[in-house]
Amino acid sequence: MNKNFLSIADLSRERILKLFALAADLKQRWKAGRRAAPLAGRSLALIFEKQSLRTRVTFEVGIVQLGGRAVYLSGHEIGFGTRESVPDVARNLSRWVDGIAARVYSHASVETLARYATVPVINGLSDFEHPCQALADYFTLWERGVDLASMRLAWIGDGNNVCHS
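Residue 554 in my numbering sits at position 69 of the sequence shown, and the numbers go up by one each step.
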(Lines of atoms letter the chains of each structure in order from A and count residues from 1; the text may use other names and numbers.)
(Lines give C-alpha, C1' and ligand atoms only; values in the text may rest on other atoms or scores of the structure.)
Protein backbone atom coordinates (compact mmCIF):
# COMPACT_ATOMS: atom_id res chain seq x y z
CA MET A 1 0.00 0.00 0.00
CA ASN A 2 1.24 3.46 -0.92
CA LYS A 3 2.09 5.54 2.16
CA ASN A 4 1.52 8.79 0.27
CA PHE A 5 -1.69 10.42 -0.90
CA LEU A 6 -0.77 12.48 -3.95
CA SER A 7 -3.65 11.50 -6.18
CA ILE A 8 -7.11 10.07 -5.76
CA ALA A 9 -5.77 7.17 -7.87
CA ASP A 10 -3.53 6.22 -4.91
CA LEU A 11 -6.57 4.75 -3.15
CA SER A 12 -8.53 1.70 -4.21
CA ARG A 13 -12.32 1.74 -4.03
CA GLU A 14 -12.13 -0.64 -1.06
CA ARG A 15 -9.66 1.61 0.77
CA ILE A 16 -11.84 4.67 0.15
CA LEU A 17 -14.90 2.90 1.57
CA LYS A 18 -12.90 1.84 4.66
CA LEU A 19 -11.74 5.44 5.13
CA PHE A 20 -15.32 6.67 4.80
CA ALA A 21 -16.52 4.19 7.44
CA LEU A 22 -13.71 5.24 9.80
CA ALA A 23 -14.40 8.95 9.20
CA ALA A 24 -18.12 8.46 9.82
CA ASP A 25 -17.39 6.57 13.05
CA LEU A 26 -14.98 9.25 14.30
CA LYS A 27 -17.45 11.98 13.35
CA GLN A 28 -20.26 10.22 15.23
CA ARG A 29 -18.07 9.70 18.30
CA TRP A 30 -17.00 13.36 18.23
CA LYS A 31 -20.62 14.53 18.13
CA ALA A 32 -21.46 12.21 21.03
CA GLY A 33 -18.61 13.65 23.11
CA ARG A 34 -16.51 10.49 22.93
CA ARG A 35 -13.35 12.07 21.60
CA ALA A 36 -10.46 9.79 20.78
CA ALA A 37 -6.87 10.84 20.22
CA PRO A 38 -5.50 8.35 17.67
CA LEU A 39 -2.81 10.86 16.63
CA ALA A 40 -1.59 11.64 20.17
CA GLY A 41 2.12 12.34 20.09
CA ARG A 42 2.11 12.73 16.28
CA SER A 43 2.90 15.84 14.27
CA LEU A 44 2.12 16.95 10.73
CA ALA A 45 4.08 19.61 8.86
CA LEU A 46 1.85 21.82 6.72
CA ILE A 47 3.75 23.36 3.80
CA PHE A 48 1.65 26.06 2.15
CA GLU A 49 3.08 27.76 -0.92
CA LYS A 50 -0.45 28.89 -1.81
CA GLN A 51 -2.69 30.79 0.57
CA SER A 52 -5.69 28.97 1.94
CA LEU A 53 -8.57 29.29 4.31
CA ARG A 54 -10.43 25.96 4.15
CA THR A 55 -7.52 23.60 3.51
CA ARG A 56 -5.31 25.12 6.20
CA VAL A 57 -8.00 25.33 8.87
CA THR A 58 -9.41 21.85 8.22
CA PHE A 59 -5.96 20.24 8.28
CA GLU A 60 -4.90 22.08 11.44
CA VAL A 61 -8.16 21.59 13.31
CA GLY A 62 -8.50 17.98 12.17
CA ILE A 63 -5.03 17.03 13.41
CA VAL A 64 -5.63 18.76 16.76
CA GLN A 65 -9.05 17.13 17.17
CA LEU A 66 -7.40 13.74 16.64
CA GLY A 67 -4.83 14.49 19.33
CA GLY A 68 -1.87 15.52 17.17
CA ARG A 69 -0.07 18.76 16.42
CA ALA A 70 0.25 20.70 13.20
CA VAL A 71 3.25 22.84 12.29
CA TYR A 72 2.41 25.49 9.69
CA LEU A 73 5.22 26.46 7.29
CA SER A 74 4.61 28.99 4.56
CA GLY A 75 6.58 28.33 1.39
CA HIS A 76 8.04 31.83 1.57
CA GLU A 77 9.02 31.43 5.22
CA ILE A 78 11.07 28.30 4.62
CA GLY A 79 12.34 29.22 1.17
CA PHE A 80 10.59 26.19 -0.34
CA GLY A 81 12.38 25.26 -3.56
CA THR A 82 14.70 28.27 -3.39
CA ARG A 83 16.75 28.61 -0.20
CA GLU A 84 15.82 25.04 0.72
CA SER A 85 15.58 22.52 -2.10
CA VAL A 86 12.47 20.36 -2.12
CA PRO A 87 14.51 17.16 -1.49
CA ASP A 88 16.22 18.83 1.50
CA VAL A 89 12.87 19.98 2.90
CA ALA A 90 11.57 16.40 2.59
CA ARG A 91 14.65 14.85 4.21
CA ASN A 92 14.78 17.35 7.09
CA LEU A 93 11.08 17.30 7.88
CA SER A 94 11.18 13.49 7.86
CA ARG A 95 13.51 13.68 10.86
CA TRP A 96 11.15 15.87 12.87
CA VAL A 97 7.53 15.12 11.96
CA ASP A 98 5.32 12.10 11.31
CA GLY A 99 3.83 13.36 8.06
CA ILE A 100 3.83 16.22 5.56
CA ALA A 101 0.84 17.86 3.91
CA ALA A 102 1.68 20.28 1.11
CA ARG A 103 -0.36 22.86 -0.78
CA VAL A 104 1.92 23.70 -3.69
CA TYR A 105 1.88 25.36 -7.08
CA SER A 106 3.50 22.52 -8.99
CA HIS A 107 2.47 18.88 -8.79
CA ALA A 108 6.15 18.04 -9.36
CA SER A 109 6.91 19.59 -5.95
CA VAL A 110 4.58 17.25 -4.08
CA GLU A 111 5.95 14.29 -6.07
CA THR A 112 9.50 15.30 -5.16
CA LEU A 113 8.55 15.64 -1.49
CA ALA A 114 7.13 12.11 -1.60
CA ARG A 115 10.20 10.73 -3.36
CA TYR A 116 12.62 12.05 -0.73
CA ALA A 117 10.51 11.93 2.44
CA THR A 118 10.52 8.88 4.69
CA VAL A 119 7.16 9.92 6.19
CA PRO A 120 3.79 9.99 4.42
CA VAL A 121 3.12 12.97 2.15
CA ILE A 122 -0.38 14.29 1.48
CA ASN A 123 -1.21 16.47 -1.50
CA GLY A 124 -3.22 19.33 0.01
CA LEU A 125 -3.50 20.85 -3.48
CA SER A 126 -1.31 21.12 -6.54
CA ASP A 127 -1.81 22.56 -9.99
CA PHE A 128 -2.84 19.09 -11.17
CA GLU A 129 -4.89 17.54 -8.35
CA HIS A 130 -6.75 18.33 -5.15
CA PRO A 131 -7.42 14.80 -3.91
CA CYS A 132 -8.42 15.74 -0.35
CA GLN A 133 -11.16 18.02 -1.69
CA ALA A 134 -12.40 15.35 -4.09
CA LEU A 135 -12.39 12.75 -1.32
CA ALA A 136 -14.32 15.11 0.99
CA ASP A 137 -16.88 15.75 -1.75
CA TYR A 138 -17.37 12.02 -2.29
CA PHE A 139 -17.58 11.45 1.46
CA THR A 140 -20.46 13.93 1.62
CA LEU A 141 -22.29 12.04 -1.14
CA TRP A 142 -21.56 8.69 0.58
CA GLU A 143 -22.87 10.03 3.92
CA ARG A 144 -26.11 10.97 2.19
CA GLY A 145 -26.55 7.45 0.85
CA VAL A 146 -25.54 8.00 -2.77
CA ASP A 147 -24.38 4.75 -4.39
CA LEU A 148 -20.96 5.86 -5.63
CA ALA A 149 -20.44 2.73 -7.73
CA SER A 150 -23.44 3.41 -9.96
CA MET A 151 -23.30 7.20 -9.83
CA ARG A 152 -22.71 9.18 -12.99
CA LEU A 153 -20.91 12.45 -12.48
CA ALA A 154 -20.86 15.52 -14.68
CA TRP A 155 -18.32 18.25 -14.02
CA ILE A 156 -19.43 21.84 -14.46
CA GLY A 157 -16.72 24.44 -14.12
CA ASP A 158 -13.05 24.89 -14.85
CA GLY A 159 -11.06 21.82 -15.82
CA ASN A 160 -8.88 22.31 -12.78
CA ASN A 161 -7.24 20.24 -10.07
CA VAL A 162 -10.50 19.15 -8.39
CA CYS A 163 -11.84 18.05 -11.78
CA HIS A 164 -8.67 16.00 -12.36
CA SER A 165 -9.11 14.32 -9.00
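We put the beta carbon where it would ideally sit given N, CA and C, even for glycine.
For residue i, I'd like the list of residues in its chain whose CB is within less than 6 Å of its CB, leaving aside the five on either flank, ordered along the chain.
| i | result |
| --- | --- |
| His-561 | none |
| Pro-523 | Leu-551 |
| Arg-554 | Ser-528 |
| Asn-489 | Ala-599, Pro-605, Val-606 |
Strictly by DSSP, which residues pair up with residue i?
| i | result |
| --- | --- |
| Leu-558 | Ile-532 |
| Arg-588 | Phe-533, Leu-610 |
| Phe-490 | Ile-607 |
| Phe-565 | Glu-569 |
Give the DSSP-derived three-state secondary structure of residue i in the structure shown.
| i | result |
| --- | --- |
| Asn-608 | strand |
| Ser-594 | helix |
| Arg-527 | coil |
| Ala-599 | helix |
The alpha helix (DSSP H) that contains residue i, what's its start and end?
| i | result |
| --- | --- |
| Gly-547 | 539-550 |
| Pro-632 | The sequence as given places Asp at residue 632; Pro does not occur at that position. No alpha helix (DSSP H) contains Asp-632, which DSSP labels as neither H nor E. |
| Ile-641 | Here Ile-641 belongs to no alpha helix (DSSP H), and DSSP marks it neither H nor E. |
| Leu-504 | 498-516 |
| Pro-616 | 616-628 |
What residues in its chain sit with their C-beta under 8 Å from that of residue i, if we drop five residues either side in the sequence?
| i | result |
| --- | --- |
| Leu-610 | Lys-535, Ser-537, Thr-540, Arg-588, Val-589, Cys-617, Gln-618, Asn-646 |
Touch check for the stretch 624-631 and the stretch 563-571: three-plus C-beta pairs under 8 Å?
no
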